[in-house]
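Chemist: Structure below; questions to follow.
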Amino acid sequence: MMPSPEKATEIKAAIAAVLAFFTALWGWLGWAVLVWIFCFLLDYLSGTAAARKAREWSSSIAREGVWHKLGEIFAVLVAALCDIALKIVVSSGLDLGFELPTLITPIVLLWYIITELGSIAENAEKMGAPVPRWIKNGLKQYREKIDHDHNTDPPDTDSGTT
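Be aware that the sequence shown starts at 4, since it is given in this note's numbering, and climbs by one per residue.
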């Protein structure tokens, strides 16, 4: 029988090998996608738990949550397709003098991850867990920073008067 420190080392080595394999397979962007998927599942579960605790769970609201999550998936796919389209344009002869990195998808993923983490923190509070203010404020500031630095929406020029 193997002593437990050696067994622990073997387990750590196996985990490191699996993580290295997947990192080589799909890179850091793949891990970002997995973090996002984990966050959006955790948000849905924590939101369901918070609603059940408050006795406010509703199948129609739960369906709206599923539609919301499906919309997130489509938004990330749009970002990925934009990155692919940019790479096609660059590979078709536009010489920038450098390789074009994946630009849009990581920003969209980060925005969604931060949004989901903020929602999970809110749900935890609704379930009665104390959430440090600095976590909530930090997530809010990160999201506002991403929105401000990467907002591509045209400025709102409608003043409500004609």
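Glycine included, C-beta positions come from ideal geometry on N, C-alpha and C.
Taking the runs of the alpha helix (DSSP H) that are 4 residues or longer, which of them lie wholly in the segment 43-120?
Modeler: Taking only runs of at least 4 residues, the alpha helix (DSSP H) segments lying wholly in the segment 43-120 are 62-94.
Chemist: Say whether the segment 47-56 touches the segment 108-127, bearing in mind that this needs 3 or more beta-carbon pairs closer than 8 Å, one atom from each stretch.
Modeler: With the cut-off at 8 Å, the segment 47-56 and the segment 108-127 touch.
Chemist: Would you check if the distance between the CB atom of R146 and the CB atom of T108 is smaller than 8 Å?
Modeler: Position 143 of the sequence shown, counting from 1, holds the residue named residue 146. Position 105 of the sequence shown, counting from 1, holds the residue named residue 108. No, Cβ-Cβ distance for R146 and T108 is not below 8 Å.
Chemist: My understanding is that F24 touches G33, with C-beta atoms under 8 Å, so please give their C-beta distance in whole angstroms.
Modeler: Here residue 24 is taken as the residue at index 21 of the sequence shown, counted from 1. Here residue 33 is taken as the residue at index 30 of the sequence shown, counted from 1. Incorrect: roughly 11 Å between the Cβ atoms, too far for contact.
Chemist: DSSP three-state label for A132, please.
Modeler: The residue you call residue 132 lines up with position 129 of the sequence shown. Coil.
Chemist: Between the alpha carbons of K10 and E75, how many angstroms are there, rounded?
Modeler: By 1-based counting over the sequence shown, the position of residue 10 is 7. By 1-based counting over the sequence shown, the position of residue 75 is 72. When rounded, the distance between both Cα atoms is 42 Å.
Chemist: How about I3 and V21: do their beta carbons lie closer than 8 Å?
Modeler: The structure shown has nothing for residue 3, since the chain only spans 4 to 165.
Chemist: Nearest-angstrom Cα distance between V92 and V81?
Modeler: For the purposes of this step, residue 92 is taken as the residue at position 89 of the sequence shown. For the purposes of this step, residue 81 is taken as the residue at position 78 of the sequence shown. Their backbone Cα atoms lie some 16 Å apart in a straight line.
Chemist: Give me the Cβ distance between L120 and C42, rounded to the nearest whole Å; I'm assuming they're in contact under 8 Å.
Modeler: For the purposes of this step, residue 120 is taken as the residue at position 117 of the sequence shown. For the purposes of this step, residue 42 is taken as the residue at position 39 of the sequence shown. The Cβ separation is near 6 Å, so the contact holds.
Chemist: Would V111 and A78 qualify as a contact pair, given that the criterion is a beta-carbon distance under 8 Å?
Modeler: The residue given as residue 111 occupies position 108 in the sequence shown. The residue given as residue 78 occupies position 75 in the sequence shown. Going by C-beta atoms, V111 is nearer than 8 Å to A78.
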